[in-house]
Amino acid sequence: MQTLTPAQQGLIQAELNRFEKVLWSSTPNPGRLAKKTLPVVIFAIPWTAFSLFWIASASGFKWPDLSGGFGLFPLFGLPFLLIGLGMLLSPLLVAKKAAATAYAITNERAIIIEPGWFGGMNIRSFFPHQLSDIRKVQFADGNGDLILDNNAPTDNRRGNATDIGFFGIADVKKVEALIFVLANPSAA
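For the sequence shown, my numbering assigns the number 83 to the initial residue and increments by one for each residue that follows.
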């Protein structure tokens with residue numbers, strides 16, 4: 083179980099209603115989530131290498147001589163190089179986001195707090211009526227993911243569905259049992 087920082091505990095406490103109590107809280111395991119980016123990193127290696135090769139070949143495999151000006155053609159490879167570097171850095175970015183994410187289950191709802199763009203926080207709550215179709219992914223060590231929702235495109239646009247839930251958590255079976263009790267209070 084990953085422990086929350088005081089700042090994360092404060093964010094959760096600020097979200098609670100008057101009689102709401104935290105039953106479970108944790109953060110995702112940054113290492114486990116970073117491992118999920120391995121296919122992206124493997125793809126990024128030849129992508130970035132080819133981008134560098136293309137830039138070098140477009141510049142004639144020599145250092146630019148700025149005394150006579152320079153051609154702009156090699157600069158067309160820079161966006162592809164930056165994309166490759168972004169893909170290579172994806173494990174670090176995912177691990178940083180995971181370290182700032184907090185999960186909680188209260189007697190009233192499940193809460194996900196994730197860092198947003200430009201320093202904001204995205205807070206999502208799942209109330210008992212929204213927890214009817216959860217999915218669990220469990221690994222041999224008992225850790226895993228608990229998918230609470232699937233954010234699929236609602237119109238005719240083609241797009242990937244995004245799973246929303248508790249990712250990279252310890253003892254996923256115990257957390258699933260807490261969610262089951264929250265969603266079915268009569269079963270408690």
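Here a beta-carbon is modelled for each residue, glycine too, at the ideal position from N, C-alpha and C.
Meets three-Cβ-pair contact criterion under 8 Å: the segment 188-200 and the segment 98-108
Touching, per the Cβ criterion.
Quick one: measure Cβ to Cβ for Pro110 and Gly250, integer angstroms, because I've assumed they're closer than 8 Å.
Confirmed, Cβ separation roughly 4 Å.
Backbone CA spacing between Arg100 and Gly92 [nearest angstrom]
For Arg100 and Gly92, the distance between alpha carbons rounds to 15 Å.
Using beta-carbon positions only, say whether Ala89 and Ala177 come within less than 8 Å of one another.
Against a cut-off of 8 Å, the Cβ pair of Ala177 and Ala89 comes out as no contact.
Curious, which full-length beta strand (DSSP E) runs of at least 3 residues does the segment 178-235 contain?
Counting only runs of 3 or more, we get 184-188, 192-197, 203-208, 217-220, 226-233.
On the three-state DSSP scale, how would you describe Ser107?
Strand at Ser107.
Can you tell me whether DSSP reads Gly250 as helix, strand or coil?
Here Gly250 carries a strand assignment [DSSP, helix/strand/coil].
Between which residues of its own chain and Gly224 is the CB-CB distance below 6 Å, once the five residues before and five after are set aside?
Asp253.
Just confirm the distance between the C-beta atoms of Ala126 and Gly166, as a whole number of angstroms; I'd bet it's less than 8 Å.
Yes, they are in contact, since the Cβ atoms of Ala126 and Gly166 sit about 5 Å apart, within 8 Å.
Could you give the first and the last residue of the continuous alpha helix (DSSP H) run that contains Ser139?
Per DSSP, Ser139 belongs to the alpha helix (DSSP H) from 120-140.
Check for me: the alpha helix (DSSP H) holding Gly168 runs from which residue to which?
Start and end: 160-170.
Taking only the alpha-carbon atoms, compute the straight-line gap between Phe75 and Pro156 and give it to the nearest angstrom.
Absent from the model: residue 75. The displayed extent of the chain is 83 to 270, so no value can be given.
Beta-carbon within less than 7 Å of Ser214's beta-carbon, same chain only, minus the 5 sequence neighbours each way: which residues are those?
So the qualifying residues of the chain are Ala265.
Quick one: is the Cβ of Thr119 within less than 7 Å of any heavy atom of the ligand NAP?
As presented, the structure is devoid of all ligands, the ligand NAP included, so that no description of it is given.
Please say whether Arg206 and Ile194 have beta carbons closer to each other than 8 Å?
Pairing Ile194 with Arg206 gives a Cβ-Cβ distance under 8 Å.
Output the distance between the C-alpha atoms of Trp136 and Leu163, rounded to the nearest integer angstrom.
So the alpha carbons of these two residues sit roughly 10 Å apart.
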